[in-house]
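2 protein chains.
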Amino acid sequence: MDIEPIAYFRSPLKEKFGIPRQSGVVPELAGRIEFTPAYRDKEALRGLEGFDYIWVIWGFSENVHGSPAPADKTAFKATVRPPRLGGNRRVGVFASRSSFRPNSLGLSSMKVTGILSTADGPVIEVSGGDLMDGTPVYDVKPYIPAYDSHPSARGGFTDIEQWKPLEVSFSGDADAQLEKVFGKGSEKEKKTIAALVAQDPRPHYQDDPDKVYGMAYGPCQVRFRVNGDKAEITGIES
Amino acid sequence: MDIEPIAYFRSPLKEKFGIPRQSGVVPELAGRIEFTPAYRDKEALRGLEGFDYIWVIWGFSENVHGSPAPADKTAFKATVRPPRLGGNRRVGVFASRSSFRPNSLGLSSMKVTGILSTADGPVIEVSGGDLMDGTPVYDVKPYIPAYDSHPSARGGFTDIEQWKPLEVSFSGDADAQLEKVFGKGSEKEKKTIAALVAQDPRPHYQDDPDKVYGMAYGPCQVRFRVNGDKAEITGIES
Numbered sequence: 040m041d042i043e044p045i046a047y048f049r050s051p052l053k054e055k056f057g058i059p060r061q062s063g064v065v066p067e068l069a070g071r072i073e074f075t076p077a078y079r080d081k082e083a084l085r086g087l088e089g090f091d092y093i094w095v096i097w098g099f100s101e102n103v104h105g106s107p108a109p110a111d112k113t114a115f116k117a118t119v120r121p122p123r124l125g126g127n128r129r130v131g132v133f134a135s136r137s138s139f140r141p142n143s144l145g146l147s148s149m150k151v152t153g154i155l156s157t158a159d160g161p162v163i164e165v166s167g168g169d170l171m172d173g174t175p176v177y178d179v180k181p182y183i184p185a186y187d188s189h190p191s192a193r194g195g196f197t198d199i200e201q202w203k204p205l206e207v208s209f210s211g212d213a214d215a216q217l218e219k220v221f222g223k224g225s226e227k228e229k230k231t232i233a234a235l236v237a238q239d240p241r242p243h244y245q246d247d248p249d250k251v252y253g254m255a256y257g258p259c260q261v262r263f264r265v266n267g268d269k270a271e272i273t274g275i276e277s
Numbered sequence: 040m041d042i043e044p045i046a047y048f049r050s051p052l053k054e055k056f057g058i059p060r061q062s063g064v065v066p067e068l069a070g071r072i073e074f075t076p077a078y079r080d081k082e083a084l085r086g087l088e089g090f091d092y093i094w095v096i097w098g099f100s101e102n103v104h105g106s107p108a109p110a111d112k113t114a115f116k117a118t119v120r121p122p123r124l125g126g127n128r129r130v131g132v133f134a135s136r137s138s139f140r141p142n143s144l145g146l147s148s149m150k151v152t153g154i155l156s157t158a159d160g161p162v163i164e165v166s167g168g169d170l171m172d173g174t175p176v177y178d179v180k181p182y183i184p185a186y187d188s189h190p191s192a193r194g195g196f197t198d199i200e201q202w203k204p205l206e207v208s209f210s211g212d213a214d215a216q217l218e219k220v221f222g223k224g225s226e227k228e229k230k231t232i233a234a235l236v237a238q239d240p241r242p243h244y245q246d247d248p249d250k251v252y253g254m255a256y257g258p259c260q261v262r263f264r265v266n267g268d269k270a271e272i273t274g275i276e277s
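So the protein sequences, as listed, match chains A and B.
Quick note: the first sequence, position 72, residue 111 per the numbering used here, numbers continuous.
Quick note: the second sequence, position 8, residue 47 per the numbering used here, numbers continuous.
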């Protein structure tokens, strides 16, 4: 079956590093769903304002506004190593949300924070998204709690994962630079950057307190170090 | 993006009439996910036994084991009329789960009731599915309650929908025929058939107490009538 993007996701995260590993992990993170010309009709969103969440079906792809590379169907890998299991335990691909799967489809629930009419068509404002800027979106559906919510369901290996966010601080330099880049009242950006770093974007096999990481966020590069369960944001460069 | 079926859904419902309108509405209904030859590897399901539910991304299609007809992208309809709103109120296509959507992708959560190894590869046994027999499946992902469950979310027009199941009885003839088709101990089939009819599969605009409907179920045709909020199953023919 041939499917085509109906929309693209817009996020301050324009690179893979730092993207939340699942939707909802960083609720502070704002994003937008912008429709392609063929689907710019505000009537298509009529009634959506009554729903708190949507489902987004999207494509795993680092090609911004391009087609994902066709998956190599001959090289089906039955198992993957989820980062949250330390990257050394294997689980079946259909027991994981890994991007390495036969059809490159992703699924995320996102909170609807606004529905706009713009000169470029309707836009859905969301929070908690886990998609890189430019990710193609193939479908948007309403989240129906009566059918979609199973709060007491067992969550397999994700139940035993004891994940604790890092404690994040900003150096004096970083604070000053933040205000320079985002202006006065940059509290929202500060909170979002802190929440993104708190989920520890480092590759699982790295643990070097001197290493400085760089995370692209909007117009700037966020520099940070991690020592144990503490992260320090050392600089924010535009 | 080109996607291909990794599996097909197996259900006693081999026609559209009677299929639950959403997953979970008829929890009695059993189904199976059978993988295509390229994906028959039990390792691909390793760890899935720890999850109570899965997400299934599937294709709206009445073509059993064939490709769905390509959607006519030029004929984008921005609104649809959900049956649960009486079929006369319009909502946006992205505020509904309607099958009339730009990309023919469906999304259902289903309860995992078993994971089998068979001569034809691994099989996921599920309950509560809302797919017709032969529906192509494009992806299976674990349901992760920490990210996917939003029990207090507002559900838009589905919140105000006051839907009451029909009260279902079996005629003496139907009871005898049921035992003839399914043998002694046909209680499970009886419960499933009653639950399917209870959700009122009739088109929304029909209300004729004398009309006899036929629903294909496994090897038989179930005949029933509806009068007000009561349904009578009048016969079960093989």
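Using N, Cα and C, we set each Cβ at its ideal position, and we do this for glycine too.
- Query: Which partner residues of residue 196/B appear in the DSSP bridge assignment?
  - Reply: In DSSP, residue 196/B forms no bridge with anything.
- According to the Cβ coordinates, are residue 95/A and residue 162/A closer than 7 angstroms? no
- Message: Using 7 angstroms as the threshold, is the C-beta distance between residue 79/A and residue 49/A below it?
- Response: no
- Query: Apart from the five residues on each side of it in sequence, which residues of its chain come closer than 8 angstroms, Cβ to Cβ, to residue 272/B?
  - Reply: 207, 208, 209, 210, 213, 232, 233, 236, 261, 262, 263
- Message: Tell me the rounded alpha-carbon separation between residue 156/B and residue 117/A.
- Response: 15 angstroms
- Quick one: Cα of residue 51/A to Cα of residue 252/A, how far? 17 angstroms
- Item | In DSSP terms, what residue 93/A is bridged to | 149/A, 181/A
- Query: Would residue 277/B be called buried (16 or more neighbouring beta carbons within 10 Å of its own) or exposed?
  - Reply: exposed
- Hey, how far is the Cα of residue 179/B from the Cα of residue 85/B? 13 angstroms
- By DSSP, does residue 45/A sit in helix, in strand, or in coil? coil
- Residue range of the beta strand (DSSP E) that residue 211/B falls in? Per DSSP, residue 211/B belongs to no beta strand (DSSP E); it is in the alpha helix (DSSP H), 211-221.
- Query: Could you give the distance in angstroms between the alpha-carbon of residue 240/B and the alpha-carbon of residue 202/B?
  - Reply: 13 angstroms
- Given a threshold of 16 other Cβ atoms within 10 Å of its Cβ, counted over all protein chains shown, does residue 268/B qualify as buried or as exposed? exposed
- Task: Can you tell me which of the three DSSP states residue 144/A falls into?
- Result: strand
- Closest Cβ-Cβ distance between residue 139/B and chain A: below 7 angstroms? no
- Task: Examine chain C for any beta-carbon lying closer than 7 angstroms to the beta-carbon of residue 192/A, and answer yes or no.
- Result: As a matter of chain content, chain C is missing from the structure shown, whose protein chains are A and B.
- Query: What are the start and end residues of the beta strand (DSSP E) that includes residue 261/A?
  - Reply: 259-266
- Query: Quick one, which of 138/A, 122/A, 124/A, 126/A has its alpha-carbon nearest residue 115/A's?
  - Reply: 138/A
- Would a check of beta-carbon distances place residue 181/A closer than 7 angstroms to chain B? yes
- Query: Where does residue 230/A fall in DSSP's three states?
  - Reply: helix
- Query: Expressed to the nearest angstrom, what Euclidean distance is found between the alpha-carbon atoms of residue 133/A and residue 88/A?
  - Reply: 33 angstroms
- Inspect the beta-carbon positions of residue 168/B and residue 149/B and report whether they are closer than 7 angstroms. yes
- Item | Span separating the alpha-carbon of residue 59/A from that of residue 196/B | 31 angstroms
- Query: Nearest CA to the CA of residue 204/A: which residue from 266/A, 187/A, 186/A?
  - Reply: 266/A
- Message: Against chain B, with Cβ distances strictly below 7 angstroms, would residue 159/A count as a contact?
- Response: no
- Task: Indicate whether at least one CB of chain A lies closer than 7 angstroms to the CB of residue 249/B.
- Result: no
- Task: Tell me, to the nearest whole angstrom, how far the beta carbon of residue 183/A is from that of residue 144/B; I am working on the premise that it is less than 8 angstroms.
- Result: That belief does not hold up - the Cβ atoms of residue 183/A and residue 144/B are roughly 16 angstroms apart, past 8 angstroms.
- Excluding five sequence neighbours on each side, which residues of the same chain lie with their C-beta closer than 7 angstroms to the C-beta of residue 160/A? 74, 79
- What are the partner residues of residue 174/A, as DSSP defines its beta bridges? DSSP lists no partner for residue 174/A.
- Query: Quick one, which of 229/A, 76/A, 90/A has its alpha-carbon nearest residue 190/B's?
  - Reply: 90/A
- Would you verify that the beta carbon of residue 239/B is, or is not, closer than 7 angstroms to some beta carbon of chain A? no
- Simplified DSSP state of residue 115/B, which is helix, strand or coil: coil
- Task: Let me know if residue 246/A comes out buried or exposed under the rule of 16 or more other beta-carbons within 10 Å of its beta-carbon.
- Result: exposed
- Item | Burial state of residue 47/A, where buried means 16 or more other Cβ atoms lie within 10 Å | buried
- residue 142/A: buried (16+ other C-beta within 10 angstroms of its C-beta) or exposed? buried
- Rounded separation between residue 186/B and residue 275/B - CA only: 43 angstroms
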